[in-house]
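**Q** My questions will all concern the structure given below.
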């Protein structure tokens with residue numbers, strides 16, 4: 215397969231950011247009250263991701279290694295501001311619905327994760343296609359989750375009502391429904407042993423760590439948090455010993 | 100005084116930052132295996148969010164508005180927060196060793212917590228003044244601590260339960276979070 219098309223396939227299917235590597239959970243849960251909202255949030259994130267990957271990859275030889283994280287943050291935050299202003303000007307309705315979650319694209323781990331794991335090591339064009347693939351994968355996932363919640367919770371598909379109001383289970387468009395839909399989807403994934411960050415066995419994770427694959431940011435915030443807990447526990451133990 | 104109390108209760112319980120706003124999901128799912136670590140994380144978050152909302156409010160009112168640069172808020176806030184966390188860590192290490200030993204390990208994890216940026220942006224969006232911003236920050240972060248400590252308490256129990264294989268790991272945690280969110284919906288008539 216063409217190496218550019220391979221990046222897009224990788225982003226949508228093989229390493230889908232939401233379902234497989236489980237990144238960016240905040241917008242996934244918060245903005246999927248309807249399929250259209252999920253789709254809009256996905257496209258906004260895609261726009262930022264494509265250009266941040268392109269810019270960071272183009273600048274990768276200029277940015278000094280020690281200040282790369284702050285430099286990435288500035289690039290990403292500037293792009294988010296541009297997207298925010300454009301949305302405010304041309305898609306007012308969506309801008310008002312998504313509200314605070316548009317500026318919060320800055321702290322979406324997918325963008326930082328791809329910058330660190332891919333764009334910092336590959337050519338600009340390839341990184342751009344990686345951004346397109348990851349962005350489309352994210353958009354697809356958000357649209358699917360939004361579709362499920364909208365269908366069960368308000369009985370409509372993309373805004374067209376198909377189930378009468380008596381049969382709406384409105385909790386699915388409220389906050390708890392987001393957790394339940396995501397829980398059901400990850401449980402299905404576990405059931406069918408589909409690859410996902412949550413069902414990698416502990417031995418496999420250890421083996422990868424030994425092979426040096428997980429050094430630095432591997433683009434998976436959840437791994438970091440798992441690892442962070444171990445570090446935190448060790449450090450707390452050490453501090454107690456010192457106190458004694 | 101009454102308005103301040105309403106802001107605090109509203110942001111801590113009614114619009115809980117994790118369970119109804121979906122901010123800070125990463126640490127909520129990642130650092131909630133033990134009550135002890137969850138409480139440490141919560142305390143560190145309270146510390147950072149209160150400082151960050153105070154600082155962000157001052158910078159917005161006296162620098163950005165004064166210079167007519169309100170549209171730069173996202174860039175400025177994220178840089179201020181990242182620098183603040185670094186600075187707090189260095190300051191505690193140098194001058195407040197016991198506090199550093201208690202909170203130090205959690206501080207680097209907080210930069211990635213979207214609740215911090217979320218609070219700073221909400222304060223601007225609702226045009227809160229300095230005092231209101233600090234109170235709102237305190238409310239939000241106390242709400243976060245309540246949610247994460249409760250979650251850790253439940254997860255300590257879940258560890259001994261017999262869970263269907265498909266639901267082991269993150270699905271059962273998400274279901275628990277959903278049930279907690281239903282419980283927190285009950286606060287919505289409070290104010």
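Residue numbers (this note's numbering), protein chains in the order written: chain A, 215 to 458; chain B, 100 to 290.
Glycine included, C-beta positions come from ideal geometry on N, C-alpha and C.
This one's a predicted model, so the numbers in the text were calculated from it and none came from an experiment.
1. Sort 310/A, 318/A, 279/A, 305/A by Cα distance to residue 295/A and report the nearest one.
2. Bridge partners for residue 375/A per DSSP, in chain order?
3. Is DSSP giving residue 170/B helix, strand or coil here?
4. Using three-state DSSP, classify residue 227/B as helix, strand or coil.
5. Quick one: grab the DSSP three-state call for residue 334/A.
6. Pull out every residue of the region 207-239 of chain B whose Cβ sits closer than 7 Å to any Cβ of chain A, in chain order.
7. Using the rule of at least 16 other Cβ atoms within 10 Å of the residue's Cβ for burial, across every protein chain shown, is residue 260/B buried or exposed?
8. How about the region 222-235 of chain A and the region 368-380 of chain A: do they share at least three Cβ pairs that are nearer than 8 Å?
9. Just the Cα atoms here: how many angstroms apart are residue 285/A and residue 290/B?
10. Between the Cα of residue 199/B and those of 140/B, 111/B, 100/B, 268/B, spot the shortest distance and give me the residue it belongs to.
11. What whole-angstrom Cβ distance do residue 395/A and residue 359/A have, given they're in contact under 8 Å?
12. Go ahead and pull the three-state DSSP assignment for residue 382/A.
13. State buried or exposed for residue 174/B, treating a residue as buried only when at least 16 other CB atoms are found within 10 Å of its CB.
14. When we look at the beta-carbon of residue 106/B and count the other beta-carbons within 10 Å, is it buried (16 or more) or exposed?
15. With a CB to CB cut of under 7 Å and the five nearest residues on each side skipped, what residues in its chain are close to residue 328/A?
16. I want to see whether chain B comes within less than 8 Å of residue 431/A, judged by CB atoms only; does it?
17. Once DSSP output is grouped into helix, strand and coil, what is the label at residue 245/A?
18. For residue 139/B, report the span of its alpha helix (DSSP H) as first-last.
19. Along the alpha helix (DSSP H) that carries residue 280/B, what are the first and last residues, could you check?
20. Which ranges does the beta strand (DSSP E) cover as unbroken runs of at least 3 residues, wholly within the region 222-291 of chain A, from first to last along the chain?
21. Is the CB-CB distance between residue 281/B and residue 287/A below 8 Å?
22. On a Cα-Cα basis, can you pick out the residue from 243/A, 338/A, 223/A, 216/A that is closest to residue 388/A?
23. In terms of alpha-carbon separation, which member of 406/A, 326/A, 340/A, 400/A lies closest to residue 221/A?
24. Using the beta-carbon of each residue, which ones in chain B are nearer than 7 Å to residue 363/A?
25. Determine the burial state of residue 132/B: buried for a count of at least 16 other Cβ atoms within 10 Å of its Cβ, exposed for fewer.
26. Report the residue from 103/B, 129/B, 116/B, 183/B whose alpha carbon sits nearest the alpha carbon of residue 242/B.
27. Measuring only the C-alpha atoms, how far is residue 179/B from residue 367/A?
28. Just to confirm the assignment, what range does the alpha helix (DSSP H) spanning residue 399/A have?
29. Roughly how many whole angstroms lie between the Cα atoms of residue 183/B and residue 232/A?
30. Compare the C-alpha of residue 294/B against each of 249/A, 257/A, 282/A, 399/A and name the closest.
31. Can you grab the Cα-Cα spacing for the pair residue 161/B / residue 229/B, in whole Å?
32. Among 273/B, 204/B, 220/B, which one has its Cα closest to the Cα of residue 157/B?
33. Are the beta-carbon atoms of residue 393/A and residue 277/B separated by less than 8 Å?
34. For residue 344/A, name the three-state secondary structure that DSSP assigns.
35. Alpha carbons only, please: which of 364/A, 330/A, 403/A is nearest the one belonging to residue 280/A?
**A** Answer, in terms of the structure:
1. Along the first chain, read from residue 1 onward, the residue named residue 295/A stands at position 81. Proximity to residue 295/A across 310/A, 318/A, 279/A, 305/A peaks at 318/A, based on C-alpha coordinates.
2. For the purposes of this step, residue 375/A is taken as the residue at position 161 of the first chain. Its beta-bridge partners are 370/A.
3. Here residue 170/B corresponds to residue number 71 of the second chain, with the count starting at 1. The three-state secondary structure of residue 170/B, taken from DSSP, is helix.
4. Locating residue 227/B in the second chain gives position 128, where the first residue counts as 1. The DSSP-derived three-state label of residue 227/B is coil.
5. Here residue 334/A refers to the residue found at position 120 when the first chain is read from its first residue. In this structure, residue 334/A counts as coil in the three-state DSSP scheme.
6. Going along the region 207-239 of chain B in chain order, one finds 208, 211, 213, 216, 217, 220, 221, 224 with a Cβ nearer than 7 Å to chain A.
7. In the second chain, residue 260/B corresponds to position 161, counting from 1. By the neighbour-count criterion, in which a residue is buried when 16 or more other Cβ atoms sit within 10 angstroms of its Cβ, residue 260/B is exposed.
8. When Cβ pairs closer than 8 Å are counted between the two stretches, the region 222-235 of chain A is seen not to touch the region 368-380 of chain A, the count staying below three.
9. For the purposes of this step, residue 285/A is identified with residue 71 of the first chain, where counting begins at 1. For the purposes of this step, residue 290/B is identified with residue 191 of the second chain, where counting begins at 1. Looking at the two C-alpha atoms, the distance is approximately 43 Å.
10. Counted from its first residue, the second chain places residue 199/B at position 100. That would be 140/B, whose Cα lies nearest to the Cα of residue 199/B.
11. On the first chain, residue 395/A is found 181 positions in, with the first residue counted as 1. On the first chain, residue 359/A is found 145 positions in, with the first residue counted as 1. Contact between residue 395/A and residue 359/A holds: their C-beta atoms lie close to 6 Å from each other, under 8 Å.
12. As a first step, residue 382/A must be located in the first chain, where it is residue number 168. DSSP places residue 382/A in coil when its eight states are reduced to three.
13. On the second chain, residue 174/B is found 75 positions in, with the first residue counted as 1. Residue 174/B should be labelled buried.
14. Along the second chain, read from residue 1 onward, the residue named residue 106/B stands at position 7. Flag for residue 106/B reads buried.
15. The residue you call residue 328/A lines up with position 114 of the first chain. Here the set comprises 263, 267, 344, 345, 348, 433.
16. Within the first chain, the letter at position 217 stands for residue 431/A. Reliability of the predicted coordinates at residue 431/A is poor, the pLDDT of 40 falling under 50, and no value is obtained from them.
17. In the first chain, counting from the first residue as 1, residue 245/A sits at position 31. Here residue 245/A sits in coil by DSSP.
18. Position 40 of the second chain, counted from the first residue, corresponds to residue 139/B. The continuous alpha helix (DSSP H) containing residue 139/B extends over residues 134-158.
19. Start at 1 with the first residue of the second chain, and residue 280/B comes out as number 181. It spans 269-284 - the alpha helix (DSSP H) in which residue 280/B sits, taken as one unbroken run.
20. Within the region 222-291 of chain A, no run of beta strand (DSSP E) reaches 3 residues while sitting entirely inside it.
21. As a first step, residue 281/B is located in the second chain; it is residue number 182 there, counting from the start. As a first step, residue 287/A is located in the first chain; it is residue number 73 there, counting from the start. Taking C-beta atoms as the reference points, residue 281/B and residue 287/A fail to come closer than 8 Å.
22. Position 174 of the first chain, counting from 1, holds the residue named residue 388/A. With distances taken between CA atoms, residue 388/A lies nearest to 243/A out of 243/A, 338/A, 223/A, 216/A.
23. Residue numbering aside, residue 221/A sits at position 7 when the first chain is read from its first letter. Taking each of 406/A, 326/A, 340/A, 400/A in turn and checking the Cα distance to residue 221/A, the smallest one comes out for 340/A.
24. Locating residue 363/A in the first chain gives position 149, counting from the first residue. Near residue 363/A there are no residues of chain B at all, since even the closest Cβ is about 12 Å away, more than 7 Å.
25. The residue given as residue 132/B occupies position 33 in the second chain. Note on residue 132/B: 16 or more other CB atoms within 10 angstroms of its CB, so buried under the neighbour-count rule.
26. One-based indexing of the second chain puts residue 242/B at position 143. Nearest of 103/B, 129/B, 116/B, 183/B to residue 242/B, Cα basis: 116/B.
27. Here residue 179/B is taken as the residue at index 80 of the second chain, counted from 1. Here residue 367/A is taken as the residue at index 153 of the first chain, counted from 1. For the pair residue 179/B and residue 367/A, the Cα-to-Cα distance works out to about 40 Å.
28. Taking the first chain and counting its residues from 1, one reaches residue 399/A at position 185. In the DSSP assignment, residue 399/A falls within the unbroken alpha helix (DSSP H) covering 389-405.
29. The residue labelled residue 183/B in the question sits at position 84 within the second chain. The residue labelled residue 232/A in the question sits at position 18 within the first chain. Residue 183/B and residue 232/A have their C-alpha atoms roughly 30 Å apart.
30. Beyond the ends of chain B as shown, which are 100 and 290, falls residue 294/B; an answer cannot be given.
31. Against the second chain, residue 161/B aligns to sequence position 62. Against the second chain, residue 229/B aligns to sequence position 130. Straight-line Cα distance between these residues: approximately 11 Å.
32. To locate residue 157/B, count along the second chain from 1; it is residue 58. For residue 157/B, the closest alpha carbon among the candidates 273/B, 204/B, 220/B is that of 220/B.
33. Position 179 of the first chain, counted from the first residue, corresponds to residue 393/A. Position 178 of the second chain, counted from the first residue, corresponds to residue 277/B. Result yes, Cβ atoms of residue 393/A and residue 277/B sit closer than 8 Å.
34. Position 130 of the first chain holds residue 344/A. In this structure, residue 344/A counts as helix in the three-state DSSP scheme.
35. Here the question's residue 280/A lines up with position 66 in the first chain. The shortest C-alpha separation from residue 280/A is found at 330/A.
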